[in-house]
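Enquirer: Numbering (the working numbering), first residue to last: 26 to 245.
Below is the structure I would like to discuss, written out as structure tokens.
Have a look at this one:
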């Protein structure tokens, strides 16, 4: 069943990595990003389905060449799904997987100037060497969750992006304060508090500023 289409960025579909490469050659410095439609593996060769697209792996590699990065994904229809791609933001963290991919792309001579600039910036400020592993639940956090009644259920009930952010903060925490990060996360889960950086927290922080702005406008 088709899902509601995202409206924040345009949806594009390319049959080959070369087509995406051609698009990014012209748009990588001007576009805010895109949703890329990708054919599901099980449907890519089925008769009667839509034209097969490039693969997610090909899309990620091509995006890295131009200084872009993949983001969240969402369902589209029975035969395809959507993956969000945007220009990499300044100070954006690198995963070890993308570091390895970018290193290979450099060796193969495929990296474009925009992608090379992102690599050099990450090496210069230390993000390259601080690249993180794939975000999974580490053993110390899992043990802490299981030791606190209700924490596992609360953790599993978090939105995907919120859970990802919480795991990443634990993973990137300095060794000397990691235990404190884990304890704080579990405590917030048990108490039912939104996690730091969550949409709910940002909304609460934004509302007083918006009220103040509206008040000032009425006085002008």
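Quick reminder that beta carbons are idealized off the backbone N, C-alpha and C, glycines included.
Do three or more CB pairs link the stretch 166 to 178 to the stretch 127 to 142 at distances below 8 Å?
Expert: With the cut-off at 8 Å, the stretch 166 to 178 and the stretch 127 to 142 do not touch.
Enquirer: Check whether the stretch 43 to 54 touches the stretch 117 to 126, counting contact only when three or more Cβ pairs, one atom from each stretch, lie closer than 8 Å.
Expert: Verdict: no, contact absent.
Enquirer: Beta carbon of residue 61, beta carbon of residue 84: below 7 Å?
Expert: Counting from 1 along the chain shown, the entry for residue 61 is found at position 36. Counting from 1 along the chain shown, the entry for residue 84 is found at position 59. Taking 7 Å as the Cβ cut-off, residue 61 and residue 84 qualify as a contacting pair.
Enquirer: Drop a sphere of 10 angstroms on the beta-carbon of residue 59, count the other beta-carbons inside from all chains shown, and report buried for 16 or more, exposed for fewer.
Expert: Here residue 59 corresponds to residue number 34 of the chain shown, with the count starting at 1. Buried, because 16 or more other Cβ atoms sit within 10 Å of the Cβ of residue 59.
Enquirer: Helix or strand or just coil, what does DSSP make of residue 150?
Expert: Walking along the chain shown from the start, residue 150 turns up at place 125. Three-state result, residue 150: helix.
Enquirer: When DSSP labels each residue in this structure, what does residue 202 get in the three-state scheme?
Expert: Here residue 202 is taken as the residue at index 177 of the chain shown, counted from 1. Helix at residue 202.
Enquirer: Check whether the Cβ atoms of residue 79 and residue 39 lie closer than 7 Å to each other.
Expert: To locate residue 79, count along the chain shown from 1; it is residue 54. To locate residue 39, count along the chain shown from 1; it is residue 14. Yes, they are a contact pair.
Enquirer: Answer with buried or exposed for residue 224, where buried requires no fewer than 16 other C-beta atoms within 10 angstroms of its C-beta.
Expert: The residue given as residue 224 occupies position 199 in the chain shown. Here residue 224 scores only 46 on pLDDT, less than 50, and its place in the model is too uncertain to base an answer on.
Enquirer: Checking the sheet assignment: what are the DSSP bridge partners for residue 100?
Expert: Taking the chain shown and counting its residues from 1, the one referred to as residue 100 is at position 75. In the DSSP output, where bridge partners are listed per residue, residue 100 has 106.
Enquirer: Run the CB neighbour count on residue 130, radius 10 Å, all protein chains shown included, and call it buried at 16 or more, exposed below.
Expert: On the chain shown, residue 130 is found 105 positions in, with the first residue counted as 1. Per the 10 Å Cβ criterion, buried.
Enquirer: Find the nearest neighbour of residue 116 within the set 104, 94, 102, 41, judged by alpha-carbon distance.
Expert: Taking the first residue of the chain shown as 1, we reach residue 116 at position 91. Checked all of 104, 94, 102, 41; the closest Cα to residue 116 is 94.
Enquirer: Distance, Cα to Cα, residue 82 vs residue 125?
Expert: Taking the chain shown and counting its residues from 1, one reaches residue 82 at position 57. Taking the chain shown and counting its residues from 1, one reaches residue 125 at position 100. The straight-line gap from Cα to Cα measures roughly 13 Å.
Enquirer: Alpha helix (DSSP H) containing residue 87: first to last residue?
Expert: What you label residue 87 is simply residue 62 of the chain shown in a count that begins at 1. Residue 87 -> alpha helix (DSSP H) spans 81 to 90.
Enquirer: What residue range is occupied by the uninterrupted beta strand (DSSP E) comprising residue 53?
Expert: Taking the chain shown and counting its residues from 1, the one referred to as residue 53 is at position 28. Unbroken run through residue 53: none, as it is neither H nor E.
Enquirer: Use the C-beta contact count for residue 136: other C-beta atoms within 10 angstroms, 16 or more gives buried, fewer gives exposed.
Expert: Residue 136 sits at position 111 when you count from the first residue of the chain shown. Residue 136 comes out buried.
Enquirer: Quick one: measure Cβ to Cβ for residue 215 and residue 173, integer angstroms, because I've assumed they're closer than 8 Å.
Expert: As a working note, residue 215 is residue 190 in the chain shown. As a working note, residue 173 is residue 148 in the chain shown. Their Cβ separation, rounded to whole angstroms, is 5 Å, which keeps residue 215 and residue 173 in contact under 8 Å.
Enquirer: Ordered along the chain, which non-local residues of its own chain (more than five positions away) have a Cβ less than 7 Å from that of residue 160?
Expert: Indexing the chain shown from 1 puts residue 160 at position 135. Within the same chain, residue 160 has close Cβ partners 189, 192, 193, 196.
Enquirer: Which residues bound the beta strand (DSSP E) around residue 113?
Expert: Position 88 of the chain shown holds residue 113. Element bounds for residue 113: n/a, residue is neither H nor E.
Enquirer: Could you tell me if residue 43 is buried or exposed, where buried requires 16 or more neighbouring beta carbons within 10 angstroms of its beta carbon?
Expert: Residue mapping note: residue 43 aligns to position 18 of the chain shown, counting from 1. Answer is exposed; the Cβ neighbour count stays below 16.
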